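K.L.:
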Amino acid sequence: AGEVDLNFRLTAERGERYTLKISRPGADRKKADFERAIMEHLAKKELAGGQLPEEVRFRLAVPRPVGEVIQLEGSRLARLQTWVDGRPLGEVNPISSQLRFDWGEVAGMLTEALADFDHPHAPVSYKWNPSQTLEARPLARYFSPEQREIAAYFWERFERETLPALPTLPTSINFNDAHEQNLLVNEQGLFCGLIDFGDAMRTQTINELAIACAYAGMSVPDPLQAMSEVMKGFHWRRPGAAPDHLFNLITGRLLITVATAADNARKEPENPYLQVSAAPAWALLKKLRSVHPRLVTAIFRNALWSAEAEEENLAFRHWLEQASPHPVVALADRSVIALDLSVGSLDLGNHVNYEDSDRFTRRIARHLEDRGADFGVGGYGETRPVYTTDDFATEGNSGPRWRTVHLGLDVWGPVGTPIFAPFDATVHSLGIDPTQHGYGHVLILEHQEEGQTFFTLYGHLSADSLPGMRAGTPVQKGDEIARFGAPDENGGWPPHLHFQVMLDMLDYEGDFPGVAYPEEADVWLSLCPDPAPLLGRYRPGEPAAVFADYFDPPAAAKTGEELLRARQSSLGYSLSIAYRQPLHIVRGVRQFLLDTSGRRYLDTVNNVAHVGHEHPRVVEAIQRQAAVLNTNTRYLHDNLVRFAEDLTATLPPELSVVHFVNSGSEANELALRMCEAWSGTQNMLAVEVGYHGNTSRAIDVSSYKFDGKGGRGAPGRTRLLPLPDVFRGRHREAATAGKAYGAYAGRILADWAEAGEKAGGFIGESILSCGGQIVLPEGYLQEVYGHVRKAGGLCIADEVQVGVGRVGSHFWGFELQGVVPDIVTIGKPLGNGHPLGAVVCTPAVARAFANGMEYFNTFGGNPVSCAAGRAVLQVVREEGLQAHALDTGNYLKRLLRQVQAHHPIIGDVRGEGLFLGFELVHPAPAAAPNSSFLPATRQAAYLKNRMRELGFLLSTDGPDENVIKIKPPLCFHRGNADHLVEYLARVLQEDGCR
Ligand code: PMP
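Each residue of the sequence shown is one higher than the one before, starting from 98 at the first, in this note's numbering.
1. Among the candidates PRO336, GLY890, GLY112 and ALA832, whose CA atom is the shortest distance from the CA of ALA847?
2. For ARG254, which residues of its own chain have a beta-carbon under 6 Å away from its beta-carbon, when the five flanking residues on both sides are left out?
3. According to DSSP, what are the bridge partners of TYR115?
4. Rounded to whole angstroms, what's the CA-CA distance from SER194 to GLN285? Just pull it up for me.
5. Report the residue from LEU351, TYR670 and HIS389 whose alpha carbon sits nearest the alpha carbon of GLN244.
6. Taking only runs of the alpha helix (DSSP H) that begin and end inside the segment 777 to 840, which ones reach a length of at least 4 residues, in chain order?
7. Taking 8 Å as the line, does the beta carbon of ALA158 fall inside it for any heavy atom of the ligand PMP?
8. For the alpha helix (DSSP H) that GLY496 lies in, which residues bound it at each end?
9. Rounded to the nearest angstrom, what separates LEU767 and VAL936 at their Cα positions?
10. Is CYS963 helix, strand or coil when you go by DSSP?
11. Tell me whether GLN898 counts as near the ligand ZN, meaning its Cβ is closer than 8 Å to at least one heavy atom of that ligand.
12. How many Å lie between VAL355 and CYS625 at the Cα?
13. Does ASP102 pass the burial test, meaning 16 or more other C-beta atoms within 10 Å, or should it be called exposed?
14. Determine, using beta carbons only, whether ARG121 comes closer than 9 Å to chain C.
15. DSSP puts TYR555 in a beta bridge; with which residues?
16. Compute the minimum distance between the beta carbon of TYR788 and the heavy atoms of the ligand PMP, and state whether it is under 8 Å.
17. Anyone know if the C-beta pair for GLY876 and GLU785 falls short of 9 Å?
18. By DSSP's criteria, ASP1054 is part of a beta bridge. Which residues make up the other side?
19. Less than 8 Å separating the Cβ of GLY934 from some heavy atom of the ligand PMP?
20. Taking only runs that begin and end inside the segment 701 to 777, name each unbroken beta strand (DSSP E) of 3 or more residues, in chain order.
21. Just the Cα atoms here: how many angstroms apart are LEU563 and VAL524?
22. For the ligand PMP, I want to know if THR348 counts as a neighbour, meaning its beta carbon is within less than 8 Å of at least one of the ligand's heavy atoms.
23. Which residues in the same chain have their Cβ closer than 7 Å to the Cβ of PRO571, if we skip the five residues on either side of it in sequence?
24. Based on the DSSP secondary-structure assignment, which residues constitute the bridge partners of ASN271?
25. With a threshold of 16 other CB atoms inside 10 Å of the CB of GLY569, please say whether the residue is buried or exposed.
26. How many angstroms separate the CA atom of PRO640 from the CA atom of GLU543?
27. Just mark ARG459 as buried or exposed, buried being the case when its beta carbon has 16 or more other beta carbons within 10 Å.
28. Tell me the DSSP bridge mates of ALA613?
29. Does the ligand PMP have even one heavy atom less than 8 Å from the beta-carbon of ASN273?
30. Just the C-alpha distance for PHE413 and VAL426, rounded to the nearest angstrom, thanks.
31. Based on Cα-Cα distance, which residue from GLY478, TYR952 and THR656 lies nearest to ALA629?
32. Have a look at GLN549, ASP488, ARG580 and ALA518 and flag the residue whose alpha-carbon is nearest the alpha-carbon of GLY510.
33. How many angstroms separate the CA atom of TYR676 from the CA atom of SER793?
34. With a Cβ-Cβ cutoff of 9 Å, do ILE303 and ALA338 count as a contact?
35. Pop quiz: GLY1008 and GLN898 are said to be a contact at Cβ under 8 Å. What is the actual Cβ separation, rounded to whole angstroms?
36. For GLY446, which residues in the same chain have their Cβ closer than 8 Å to its Cβ, ignoring the five residues on either side in sequence?
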């Protein structure tokens, strides 16, 4: 039921479908003719859009009139149209950036297609026309006082700025209603149709875009970003749109929406539905009310690539090139170096260096001192990791985000360094809030020079810098205006000047944003041009030399695209990369990874960074030892022996002999050789979908590889036990599955015995990782080990994934099964990222292996690796990470089970400690034998990729790639679990998980 028409779907005998529209009484015949003409006009146009690649090309269908308009009784009109398939954009979840871009393109496409259309009966007045927003003004009497203030503000702006300009703006016949209910999307999530021509009219052409923007901005955390995306799509299709009145037309349309709703509420108070649409419009108006309109204009100009976007900035830069500022800091004749504080900066080093302000101060002071520099300069446009903690996170349209792009320039130097006014000025404002942004004392000057008005900001000043200064105080070029503050008075930062230029203060006083979100960086950097020329060497009458003359600026790093291309040409072709849009990670901090834009990702994948990415204790242990000695094990060294002692102390007493290696693969390779030395055969038992490494022998026992792509099946000497999966596998009775799955070992060994073959041993992961986080059923290893030992083989526990406290209840995964293996292989977590592995075995096995042939490993057991390993064990112990893994893991499992209760697609939640997984499935059709579930592989891939967009790294695994794995650094805590699950629950509701 529409406002004007009642709509019916008709299905004809042969299946063709139509829309029958019957108007409410009193419909206008001329308008019906007009609507018919516009549909006929569009039917002749090619409404195709989309960019490369092919997958995002789309084509819009529009209804075509069928037969004549029929006059019914009671002045109702009946018309028949062809049915257009698709579901409304409003039902699509989520509306991606790409879809918003396409939405803008649709608006551009309509503008283009209707440019040559005219009709004598085209309406020229309509209440939903943004240009007529002022007509809704009387309805403001139904608004609350707060709403009235917001509405009055926007209507006044409209009246003052846009109303007089309306006659000068180009007009055309517009569709005039490109919102979520009228745009249809197909199965692939691409636009496919357009319906409802009831709002079409002659109006200002730009309204087509304004209406799309008004709706795209609703119900998203950052409406301006969403509107920008729509504008970019519009611009791509139809360049040259003027952004100037867009904001007033967008808010104008929103005001019509809320005013109409208020009116309806009064007329039909019993119908709460009429209010539903008003809430998001009000929420959006309220948000827009808090943004400075000139900032909005800057954002819109940027999105529409309008020439004005850069004009002011360019004019200022050109003027500055020939101006002669007094240098803000006297750097001439002083030693100056570039200081890099970007996300991946090696100058900055470990995260502890910037998280603690004393340490930060010392770090920078030492860096300057080591290089014999008086000053360090840098930071304009730099992306910094400094504010990427939870406290600084805000919600963007794709998950949490941080203001990371630095808008000023920093000069690091001695406390008390004087600062000079670059030009004549008056004091604009002062800020003395040391707590708010870590800014300390702030001075802002206003300059008027040869037609240029601009502002300069000086932050982190000493408390006694500004006596007698207040807004309006005149300052002369070259006057000393302030001094560098000490950390106790400047907001806690090392002594430096934050120096920024603003072309527009946007009504700020005493402060100005010093950092911007990466997606808004273009706009903010354009408002805040590079202040470097103001640090120039000053000689009266000569143009300023750019401060870069003082030193070599850092070389530009390769972009992500360049890296990808270089990697593809010069690295092994079988090297894969995670995600369709690869990540360019440059820093690890505890349970997080940061990319070059400072975006922080919660890493739930990396069990190598066991105690946290770049844990300072481990980093320092490596750095200190690497600086002194790194040799092989043929000399005596304390680290080697102590590390071996530390490691065996965590294991059952039988496992007392250590061989150090450099990876999990090497560990398993060695363990397999031990089996052969012990038994005289290479015959091995392994588990389906198991993975043990990349060496030849390790591959030969890795079903994940030889049964996977490019594999050639199990070699003759390897026999596989079925995946002991109690959820979807052959045996699902928890109480008996361990014995049932273990019994396969007995059968294979009996086969071998019958054929006169010996058994080398069994290798198995203590929880199967590539197999899909399969927790071994109770009694499984006991059963398998029993058979293998009876047959004379050895039992290897592969702890490469799960060892070192991760499973929580125990230090080693095999302990969950109450067994003691003959050989334990350890890798990933042991060095926290430093390449380090170990094989620990019983003395009997070690003796059998030591048959005269030396085992020498150039790198294994070197003093640096051993220092790293010792530090890891120490941190696990001292930070109580095993108990923490148990607590956090159980907590997360509980949360996941709560989500499971609402999302039946989660078939199973399993795992131990912080080695968890959940499996996505569909109920199997009744006909499918022996299986109640089918894997939801596509949904798992969607979930993984979508979570990445939202800032969470997860991986998928299992034979059907339908298991989501969670195995984060052990410092992952309950707060992270809450956050992760909140977003998982959100994504599970999205279309991609259906
Ligand atoms: N064993 C298991 C269970 C593994 O998961 C892996 C690595 N994914 C390895 C061994 C091989 O370790 P690496 O990659 O360090 O050689």
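By construction, the Cβ of each residue, glycine as well, lies at the ideal position given by its N, Cα and C atoms. On a predicted model such as this, the values are computed, not experimentally measured, just so you know.
P.N.:
Per the coordinate set shown:
1. The candidate whose alpha carbon is nearest that of ALA847 is GLY890.
2. Here the set comprises ASN345.
3. Per DSSP, LEU107 and THR179.
4. The alpha-carbon atoms of SER194 and GLN285 are separated by roughly 15 Å.
5. Closest option to GLN244, judged by alpha-carbon separation, among LEU351, TYR670 and HIS389: LEU351.
6. Complete alpha helix (DSSP H) runs here, min 4: 793 to 797 and 800 to 803.
7. Flag unset: Cβ of ALA158 not near the ligand PMP.
8. No alpha helix (DSSP H) holds GLY496; the beta strand (DSSP E) holding it covers 496 to 498.
9. Answer to the nearest angstrom: the Cα atoms are 7 Å apart.
10. Correct three-state label for CYS963: helix.
11. Among the ligands present in this structure, namely the ligand PMP, the ligand ZN is not found.
12. Taking the Cα positions, VAL355 is about 36 Å away from CYS625.
13. The residue is buried, with at least 16 neighbouring Cβ atoms inside 10 Å.
14. The structure shown contains no chain C, having only a single protein chain.
15. For TYR555, which the question treats as bridged, DSSP gives the partners LEU540 and PHE596.
16. Yes; taking the cut-off as 8 Å, the Cβ of TYR788 has a heavy atom of the ligand PMP nearer than that.
17. Between GLY876 and GLU785, the C-beta gap is not smaller than 9 Å, which leaves the two residues out of contact.
18. In DSSP, ASP1054 forms a bridge with VAL1060.
19. Within the cutoff, so yes.
20. Secondary structure remark: continuous beta strand (DSSP E) runs of at least 3 residues inside the segment 701 to 777, in chain order: 754 to 758.
21. Roughly 11 Å between the two C-alpha positions.
22. No; taking the cut-off as 8 Å, the Cβ of THR348 has no heavy atom of the ligand PMP nearer than that.
23. The beta carbon of PRO571 sits closer than 7 Å to those of THR523, all from its chain and outside the five residues before and after it, given in chain order.
24. DSSP lists MET298 as partners of ASN271.
25. Here GLY569 is exposed: its Cβ has fewer than 16 other Cβ atoms, across all protein chains shown, within 10 Å.
26. Residue placement at PRO640 is flagged as unreliable, the pLDDT there being 47, under the threshold of 50; a coordinate-derived value is accordingly withheld.
27. Counting Cβ neighbours within 10 Å, ARG459 comes out exposed, since fewer than 16 surround it.
28. Partner(s): VAL502.
29. For ASN273, the shortest C-beta to heavy atom distance toward the ligand PMP is 8 Å or greater.
30. Each residue's alpha carbon lies about 21 Å from the other.
31. For ALA629, the closest of GLY478, TYR952 and THR656 by C-alpha to C-alpha distance is GLY478.
32. For GLY510, the nearest C-alpha among the options comes from ARG580.
33. If I take the Cα positions, the gap works out to 28 Å.
34. Here ILE303 is near ALA338, since their CB atoms are less than 9 Å apart.
35. So it is not a contact: roughly 11 Å between Cβ atoms.
36. The answer, listed in chain order, is ARG460.
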